[in-house]
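Structure, as structure tokens:
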Ligand code: PGA
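In this note's numbering, the protein residues as written are 41 to 289.
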């Protein structure tokens, strides 16, 4: 039985004051025996998470990392720096990075390799645009996105990754994928993993992201291959985030 994982993706939101209240609001209310919970925050606030969450059952992480170790990469943050702040997770290949920073499948694969080499768990995002969805290309698009990563990592690494299916048309739009759509895509992603490592594929967590909210979480999370959620907007309100965590637990 896979343990569910609910991850808040704060995106470029927050402030020291705002975060202090949000973290205090969720901190002692997550039962880590029920499911795993984490927040992925803007890099400047990792120290704050480390201070506020270190004695809690909630993990923390970042939203991106550099594909390189160190050196002349102004503005970038390395895997080792994330490890310095005790991050467990790092989101890689979010559709906003793919669209707004032109991140290619190849670059994303390099980042995944870098995260794994540092002991971080990459949350690898895949997802199709509305145009691709309407054209019936969902599985082709997400299949290619995942295959390009799998080609760069070892068979053993499959058990160290988390995947997030995030249809671009569902992110921040209030229009979530139906549980059936999510289930169908998730099982196709698991089949991809199984081609490379059938045992690890059974244990791999595949999260759904895209307008997951307290009122649709239970139904989405009840699907056989939906192992948790990557939560944007709803992760910025303690009550909403907790409601989703409880729906998973
Ligand atoms: P949303 O974002 O929950 O606000 O749709 C999810 C995400 O982009 O990770």
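In this text, a Cβ means the ideal position worked out from N, Cα and C, and glycines have one as well.
| Query | Result |
| --- | --- |
| Should residue 271 be listed as close to the ligand PGA, given that the test is whether its C-beta is under 7 Å from any heavy atom? | yes |
| Using the C-alpha atoms, what's the distance from residue 92 back to residue 60? | 8 Å |
| Label residue 142 either buried or exposed according to how many other C-beta atoms from any shown protein chain fall within 10 Å of its C-beta, with 16 as the threshold for buried. | exposed |
| Within the continuous beta strand (DSSP E) that includes residue 161, where are the two ends? | 161-166 |
| Among all the DSSP beta bridges, which residues are the ones paired with residue 81? | Residue 81 pairs with nothing; no bridge assigned. |
| Once DSSP output is grouped into helix, strand and coil, what is the label at residue 100? | strand |
| How far does the alpha helix (DSSP H) with residue 145 in it reach, from first residue to last? | 145-157 |
| What did DSSP end up calling residue 245 once you bin it into helix, strand or coil? | strand |
| Residue 138 to residue 69, Cα distance in whole Å? | 34 Å |
| Just checking residue 212 against the ligand PGA - is the residue's beta carbon closer than 7 Å to any of the ligand's heavy atoms? | yes |
| Measure the CB-CB distance between residue 274 and residue 280 and report whether it falls below 8 Å. | yes |
| Helix, strand or coil: which one does DSSP assign to residue 108? | coil |
| For the alpha helix (DSSP H) containing residue 182, list its first residue and its last residue. | 178-190 |
| Between the alpha carbons of residue 46 and residue 221, how many angstroms are there, rounded? | 19 Å |
| Helix or strand or just coil, what does DSSP make of residue 68? | coil |
| For the candidate residues 117, 75, 259, 199, whose alpha-carbon lies nearest to that of residue 163? | 199 |
| Give me the Cβ distance between residue 225 and residue 179, rounded to the nearest whole Å; I'm assuming they're in contact under 8 Å. | 7 Å |
| On a Cα-Cα basis, can you pick out the residue from 157, 176, 183, 175 that is closest to residue 165? | 183 |
| Where does residue 208 land, buried or exposed, given buried means 16+ other C-beta within 10 angstroms? | buried |
| Pop quiz: residue 284 and residue 272 are said to be a contact at Cβ under 8 Å. What is the actual Cβ separation, rounded to whole angstroms? | With a Cβ gap of about 11 Å, residue 284 and residue 272 do not count as contacting. |
| So, for residue 80: in the same chain, excluding its five sequence neighbours on each side, which residues have a beta-carbon less than 8 Å away from its beta-carbon? | 47, 48, 49, 50, 100, 101, 102, 103, 129, 130, 131, 163 |
| From this set, 172, 55, 41, which residue's C-alpha is nearest residue 276's C-alpha? | 55 |
| Give me the Cβ distance between residue 232 and residue 177, rounded to the nearest whole Å; I'm assuming they're in contact under 8 Å. | Between residue 177 and residue 232 the Cβ distance is about 16 Å, and since that is not below 8 Å, they are no contact. |
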